[in-house]
Every structure is written in C-alpha cells, then in structure tokens.
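The next block holds one structure in the form of structure tokens; read it before the comments.
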Amino acid sequence: MSNIAEQRIKREFKEVVKSDEVALCNIKVELVNDSLTELRGEIAGPPDTAYEGGKFKLQIKIPETYPFNPPEVKFVTKIWHPNISSVTGAICLDILKDQWAAAMTLRTVLLSLQALLAAAEPDDPQDAVVAHQYKENFDIFERTARHWTTAYAGGPKRDTELEEKIVSMKNMGFDEHMARVALSTKDWDITRAAEYLIS
Amino acid sequence: MSADMNRQMSHQSEASSMGSDCDSSEDLDEDTEKFYYIDTTDDLDLDCPSKTDDPEYFEYEPLQLIDAERMMNEEIEALCMKLKVNPSTAKMLLLRHNWKKEEIIDNYQRDPSGFLVDTHLASRRKHDNLVGQRPVCSVCCSEYARDRFVGVACGHMFCRDCWDMHFQTQIRDGVTTGIECMAKECPVLVTEDFVYKVLSDSKLRDKYSKFSFNDLIKSHPKLRFCPGADCSVIIKAKELKAKKVECHSCKITFCFKCGLSYHAPTECDVIKRWLTKCEDDSETANYISAHTKDCPKCHVCIEKNGGCNHMQCPECKYDFCWMCLGDWKSHGSEYYECSRYKENPNIANESVHVQAREALKKYLFYYERWENHAKSLQLEETTTSKITARIQEKVMNNQGTWIDWQYLLKAAALLKKCRYTLQYTYPYAYYLDNRKDLFEYQQAQLEAEVENLSWKVERAEITDRGELENQMDVAEKRRLTLLKDFLEV
Numbered sequence: 001m002s003n004i005a006e007q008r009i010k011r012e013f014k015e016v017v018k019s020d021e022v023a024l025c026n027i028k029v030e031l032v033n034d035s036l037t038e039l040r041g042e043i044a045g046p047p048d049t050a051y052e053g054g055k056f057k058l059q060i061k062i063p064e065t066y067p068f069n070p071p072e073v074k075f076v077t078k079i080w081h082p083n084i085s086s087v088t089g090a091i092c093l094d095i096l097k098d099q100w101a102a103a104m105t106l107r108t109v110l111l112s113l114q115a116l117l118a119a120a121e122p123d124d125p126q127d128a129v130v131a132h133q134y135k136e137n138f139d140i141f142e143r144t145a146r147h148w149t150t151a152y153a154g155g156p157k158r159d160t161e162l163e164e165k166i167v168s169m170k171n172m173g174f175d176e177h178m179a180r181v182a183l184s185t186k187d188w189d190i191t192r193a194a195e196y197l198i199s
Numbered sequence: 001m002s003a004d005m006n007r008q009m010s011h012q013s014e015a016s017s018m019g020s021d022c023d024s025s026e027d028l029d030e031d032t033e034k035f036y037y038i039d040t041t042d043d044l045d046l047d048c049p050s051k052t053d054d055p056e057y058f059e060y061e062p063l064q065l066i067d068a069e070r071m072m073n074e075e076i077e078a079l080c081m082k083l084k085v086n087p088s089t090a091k092m093l094l095l096r097h098n099w100k101k102e103e104i105i106d107n108y109q110r111d112p113s114g115f116l117v118d119t120h121l122a123s124r125r126k127h128d129n130l131v132g133q134r135p136v137c138s139v140c141c142s143e144y145a146r147d148r149f150v151g152v153a154c155g156h157m158f159c160r161d162c163w164d165m166h167f168q169t170q171i172r173d174g175v176t177t178g179i180e181c182m183a184k185e186c187p188v189l190v191t192e193d194f195v196y197k198v199l200s201d202s203k204l205r206d207k208y209s210k211f212s213f214n215d216l217i218k219s220h221p222k223l224r225f226c227p228g229a230d231c232s233v234i235i236k237a238k239e240l241k242a243k244k245v246e247c248h249s250c251k252i253t254f255c256f257k258c259g260l261s262y263h264a265p266t267e268c269d270v271i272k273r274w275l276t277k278c279e280d281d282s283e284t285a286n287y288i289s290a291h292t293k294d295c296p297k298c299h300v301c302i303e304k305n306g307g308c309n310h311m312q313c314p315e316c317k318y319d320f321c322w323m324c325l326g327d328w329k330s331h332g333s334e335y336y337e338c339s340r341y342k343e344n345p346n347i348a349n350e351s352v353h354v355q356a357r358e359a360l361k362k363y364l365f366y367y368e369r370w371e372n373h374a375k376s377l378q379l380e381e382t383t384t385s386k387i388t389a390r391i392q393e394k395v396m397n398n399q400g401t402w403i404d405w406q407y408l409l410k411a412a413a414l415l416k417k418c419r420y421t422l423q424y425t426y427p428y429a430y431y432l433d434n435r436k437d438l439f440e441y442q443q444a445q446l447e448a449e450v451e452n453l454s455w456k457v458e459r460a461e462i463t464d465r466g467e468l469e470n471q472m473d474v475a476e477k478r479r480l481t482l483l484k485d486f487l488e489v
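Have a look at this one:
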C-alpha cells in the first residue's frame, strides 16, 4: 500500500470515528485486519424510508492508488434497491466511478450511500428487476424493500402476509432465500414464483 | 422512368455533340484536337469526379500529423489574439465547443466569466482551502509550506505531489483533456500548461501530448484520422459530410462522417444498425445461404467462381440467374425483379409466429443479396488479376501495346465500383419506407446493367471493345442516377 493511501486511511478512520454521524449511530467504519486495504462499513437505513431501522454492512476495498482512484464498495447485507444488485450487492453510484474526486473521503462515500437509499435513481439501475418494480408498482416495491430490511438488516417491521407466503414456498421444498428472491421478483405471486424457480 | 430518360437524354446529347464536331471540323489540326477532347470525356474518369454532376463529389486533402498540428495551432493562435486568453485556455475552448469559432467569440464577448464557468474553465467563486502557515493537503493529509501548494482556476489548492499523482492516474486511464480538479464536486478542467508544469514522468508527458492531440482531432469537424490500421494520415475536408474518402497512403475507402466503410446510398446511422443486425443474425444467415446451388434444369451442383450473377450451366448450357434461379432470358432490364423483395400482402392478419418468420425472411432476402455482392466483389479481384495476366501475355505476343488494353482494367475497376454501390443499396432498401417503388426500380436497373457488365468483362476476349465501353457507360450512368436521386446531400 502506498504511503499516501496509508496516511489518508489512518486519518479518515479518525475522522469517521470522531464525526457527529457516529455519535448518532448513523455510520461506522471498522478494520477487518491490520493491512488497511480492507475495511468494513455500516450505514443505518434513513428514517421515513423502507430501509428505516435496518443496519447495512458494506465491504470497502482500498486500491493501491487511493485516493486518486475511488474505493471499491459493495453491500454485504442483502438489500432490495434499484441501484444495488440484489444478488451481488454491487452498487451503481457515480462517485464510486467517474465522479470520484481525490478530496472525497470514506465519510462522504458512506453519507452518499445513505442518501442513495433515501432517493433511488431507477433510470440508472443496477438491478433491472427491482428498478422495473420501482417504476411500475411502487407500493409492492416499498413493501418488498421493507420486508428485506426486516429479514436481513434487522429492521423492526414484520409483514406477516409476506412471511406466510415464504413459509408456504418453504413447505413446497424451496430454500428460504431463493423463495424470497422469486416472490419479490414475481410481485409476491406464489404460482409465478414457483414456476420461476422450477424453470 | 427517370433513369431511362436520363440514359436517352445523355445519348442524344453525345450524338449531337459528335455530329456538330464532324460538321465544323474542316482542317486536320482542329479535328485531332477535338477528337482528343471527346476521347477524354468518353473516358469515365473514375478518380476525379467533377463537381456539377457527381453526387459523390467531395473535396478533401490528406495531411500529415505535423500539418494538422500546424493548422490547429493557427486556429488556436487566432482565438488567443481575438479573446486575449492564453493558448491553453483557447485550446480547451475550441476542443469543448467543437471548433465553432464564431460561437465561441460571440459567447465570450457577451459574458466572459459566465462562458468560462459554463465551459468548466473557471468557477463561480474563487475557493481558498488553505489555513495557517503550514496548511494540510486534503488529499495526502501532509503538512507543507504554503509555496508547495498549487491549483487551477477554481482556487482549490493541493500539494504538487498530489497533483502529480492525480495526473499520472488519470493519464494511465486514458483521460487527458478531461482531467478535472481534485476537489469534491468541482468540475473545473485542468489545462495543459498546468499539467506540463507539474507532471514529472517524461513517458506520461509524451502520452499526455499524444492523447490530447487525438482528442483535438476528434473534436474538429473538418479533420478525421484515417481508420486504416497503423495509418497516421489525417484527412481534412471542407465540411462534415457522409462522403467518400480514399486514403492515398493505405488505400482504404471510408465515410468521412462516421469513419466506417463508405456506404452510399445508405446513411451513417442506418448502416450502423444494419451491421449490428448482421452481426447478431449472421449465423442463421450463413447457415441458410450456402455457397453452392444446383442447376435448376439438370440439377448439377454449381459453385459460383466469378462475380457475375448470370450463370450458365457447364452441363446443359442453361442460362439462369444465381439469385432467383430463374431463366436469365426473363432478366431483361424491364423485367429484372430479383432485387425487389415481395412482401406477403396479407401479413397483418397472420399470427405472431408467421409474422416473425416473415420478418426473418425479409431480412434474409436483403442479407443474402448484400452478402452475395460482397462475395462477388472479392471474386472480381481475381478477375482483375486475371485480366492483368492476360494483358501481359498479349503484349508479349505483340498483340497490341499495354496502353491498348487498358480499357479492360478500367472496365474491371468500374465494375467493382458499381458492385460496391449495389451492395450498399440493400441495407438502404431494407430500412426504406418512402419512394420504395422508384428505388427498387432503379436498383433493379443497376443490378441488370452490372450483371451485363460483369458477363462482358469475364468474356472480354470475345466482346467487342465498343460494346464493352458502351456497357460501362450505361452501368455508371445507372449508378449515378440512383445516387443522385437517393443520396442525401
């Protein structure tokens, strides 16, 4: 790891730890090992959104050329969002690509991701299925996203109707996560979800 | 109709000019002079078309890198003088506004600072991010004396080493004229004088200068790199039009506007659509269009080894058309319908499945013809080399001089040119909606004459020279008529 990168990460680490957002439990950065090349981040789901109450873990990799190139960030916690892949957790966000500036920090990245959760951009999607649902059937999208927040990110609001559907798919012999993906993809229609999993 | 009229008209005018020449020529000197004159006009001058009657006419010149650089530098200097800005700024203004000088001058004179902000060469307010005697660089987090800090028009200051690293990273990623300030959400561009002042690596300096030169050429509407492999020629034209350019160095022919192979009468975006479509569908089409066909009469297997579509079965001597396998006798100019796709008139009432099949059938129809002409063009290359060999043989046997047989090579060159245009009429026809009947009529006319010419060129030994030259004239006239009517100028 280059000197500049190391110096920057150490400094940023302190910055995040001391910041007001940490005090409010909104964002967090932790070391994974001693090397500083890989970090673990966490952001809280923004209030008044489907992600409220959830804690979302992020994998942050610092490239050799940091801060002249952006950090590589992806979601470890499963999430239902138009700009984040529901399969891999990959993120579509301009500041993690060509709009990165060397003077940006991990704190700005985490805050931008939080802002992305509050305001999705379905016209620039990472996950086409989710983006389609967001545009065509926003109510179902919101319900699905909230359910995922509860299932994977420790969100408080349970949706018994959706949970029952998952249980009935599990009874058919499907794996829970696969059942959730299929039902979410097929707007919670059990027959279509089952067909989707079989084909 | 119009094609036929044109043909008659031109024949009449030629005949009348011939007549008047014979009438007026009394003394010998004048006669030979006139004769010489007529000879050159009859001679289809392939390489230098004249402006008035050639729809493919286009003025352009090849430039070496150094000439293009000089030309652009002159334009940059002129703008510097006019606007009283430094050369790096002038260069960036021209690059960002595609060298529209008048527009740049107008906008700059109306509101200099606003225009620079819009072009990302200045910011609305001057930033000052340095605090104290030994400020901290916000990129590397190191403390330095104030004189270590530099910056561009926006006023964001960073230490020299960080700028240097920033430039190195960007240039390695291929970014040069688009390098921005390192501050968050600051779109201000870094001009070349600053890059050269700071950048330490000499190899990357060379790379920067090369890449930014390429960006300059690409942004210039009158300049274009020759798309030929390893060709460094730059073509300069008066205007940005979809016209034919032939590189004198690598001999490649391309469209000045889009850089693809020349594609008249098809337009740039249409040919792109067609080529993408062909890439997607080529496997099916390849499978369906086999390389051999059976003689429709005696069913002997025939491989096509020449460019001509007028086939004669080696066994039963039946004359037929390679495209439709019909009798060649029905392919007189009025009845030549092989190039016309006949749509199923009842298509709207058919099922989706049938419609899809019909769509595929339509595409395959045009694709087969497009492919067939492309293959024929390759085979005409063999014809040319065969002709060259035969000419040499004749000259060795004292059957005329090399010059006497040049008309054969000219015929082969013209045939190639006509077939090339014919090939590119098929993507045009595939996407065509308006004036379809007229286009298909003219296409059929051209197709018929090209096949006649191809037949005669392949049998040049037994064809009369006058007959061959007449056929050349007719084919080229058909080609020009089609282009005149359908090439968007």
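Note that the protein sequences, when read in sequence, are chains A and B. Under full-length UniProt numbering, the first residue of the first sequence is numbered 1, with each subsequent residue one higher. Under full-length UniProt numbering, the first residue of the second sequence is numbered 1, with each subsequent residue one higher. All residues carry an ideal CB built from backbone N, CA and C; glycine is no exception. It should be emphasised that the depicted structure is a prediction, and the values quoted were computed from it without experimental measurement.
Q | Neighbouring residues, chain A, relative to K184/B (Cβ below 7 Å) | A | A101, A103, M104, T108
Q: Assign K14/A to buried or exposed, taking buried as 16 or more other Cβ atoms, counted over all protein chains shown, within 10 Å of its Cβ.
A: exposed
Q | Per DSSP, cross-strand counterpart(s) of S312/B | A | Note that residue 312/B corresponds to Gln in the displayed sequence, not to Ser. Answer by DSSP bridge pairing, in chain order: D319/B.
Q. Is the CB of I4/A under 7 Å away from at least one CB in chain B?
A. yes
(Q) Under DSSP, the alpha helix (DSSP H) around A119/A begins and ends at which residues? (A) Here A119/A belongs to no alpha helix (DSSP H), and DSSP marks it neither H nor E.
Q. Checking contacts by CB at 7 Å: is M165/B closer than that to chain A?
A. yes
Q: Could you spell out where the alpha helix (DSSP H) holding P87/B opens and where it closes?
A: 87-96
(Q) Let me see if you follow: with CB-CB separation under 7 Å, is V270/B close to chain A or not? (A) no
**Q.** Beta-carbon proximity of L216/B to K236/B, cut-off 7 Å
**A.** no
**Q.** Straight-line gap, M182/B to R70/B (C-alpha atoms, nearest Å)
**A.** 32 Å
Q | 6 Å Cβ shell around W274/B - same chain, five flanking residues per side excluded | A | P427
Q. By the 10 Å Cβ neighbour count, where 16 or more other Cβ atoms means buried, how is W99/B classified, buried or exposed?
A. buried
Q. What residues in the region 58-77 of chain A have a beta carbon less than 8 Å from any beta carbon of chain B?
A. T65, P67, F68, N69
Q. How about Q126/A: is its C-beta nearer than 7 Å to some C-beta of chain B?
A. no
Q) Residue ranges of each alpha helix (DSSP H) run of no fewer than 4 residues wholly in the UniProt domain "RING-type" (137-188) of chain B, ordered along the chain? A) 160-172
**Q.** Cβ-based neighbour list, D45/B, same chain, cut-off 6 Å, excluding 5 preceding and 5 following
**A.** With a pLDDT of only 47 at D45/B, under 50, the local geometry of the prediction cannot be trusted, and the value read off the model is given with reservation. If we look at D45/B and ignore the five residues flanking it on each side, it has no Cβ neighbours.
Q: Give the DSSP-derived three-state secondary structure of A90/A in the structure shown.
A: strand
Q | Three-state secondary structure (DSSP) of R110/B | A | helix
Q. So what does DSSP say about T401/B, is it helix, strand or coil?
A. coil
Q: Please go through the same chain and pick out, in chain order, the residues whose beta-carbon is closer than 6 Å to the beta-carbon of P70/A, but skip the five residues on each side of it.
A: L96, W100
Q.
Would you say Q7/A lies against chain B (beta-carbon separation less than 7 Å)?
A. yes
**Q.** Cβ neighbours of S184/A in the same chain (closer than 7 Å, five flanking residues each side left out)
**A.** W80, T144
Q: Starting from the C-beta of V395/B, find all residues in its chain whose C-beta is less than 8 Å away, skip the five residues before and the five after it, and write them out in chain order.
A: T401, W402, W405
Q. Going along chain A, which residues have a C-beta under 9 Å from S200/B?
A. Result: empty, since nearest Cβ-Cβ is about 15 Å, beyond 9 Å.
Q | Run of the alpha helix (DSSP H) containing E136/A, from where it starts to where it stops | A | 128-136
Q) Would you call the CB atoms of D124/A and S86/A closer than 7 Å? A) no
(Q) Taking the alpha helix (DSSP H) that E486/B belongs to, which residues open and close that run? (A) Note that residue 486/B corresponds to Phe in the displayed sequence, not to Glu. Note, F486/B: alpha helix (DSSP H), 465-486.
(Q) Just checking: is the beta-carbon of S138/B within a distance shorter than 7 Å of some beta-carbon in chain A? (A) yes
Q.
Whether or not the region 249-266 of chain B and the region 421-440 of chain B are in contact is what I'm after, with contact meaning three or more pairs of Cβ atoms, one per stretch, closer than 8 Å; do they touch?
A. yes
**Q.** A78/B classed as buried or exposed, judged by whether at least 16 other C-beta atoms fall within 10 angstroms
**A.** exposed
**Q.** Interface residues of the region 236-257 of chain B facing chain A [CB-CB below 8 Å]
**A.** none
Q. How is the beta strand (DSSP E) around V190/B delimited, first residue to last?
A. V190/B -> no beta strand (DSSP E), and no H or E assigned at all.
Q: Output yes if chain A places a C-beta closer than 7 Å to the C-beta of C141/B; else output no.
A: yes
Q | Where V73/A sits in the DSSP three-state scheme | A | strand
Q) If you draw a straight line from the alpha carbon of I190/A to that of L162/A, how long is it in whole angstroms? A) 10 Å
Q.
Pairs of beta-carbons, one from the region 163-172 of chain A and one from the region 190-199 of chain A, closer than 8 Å: are there three or more?
A. yes
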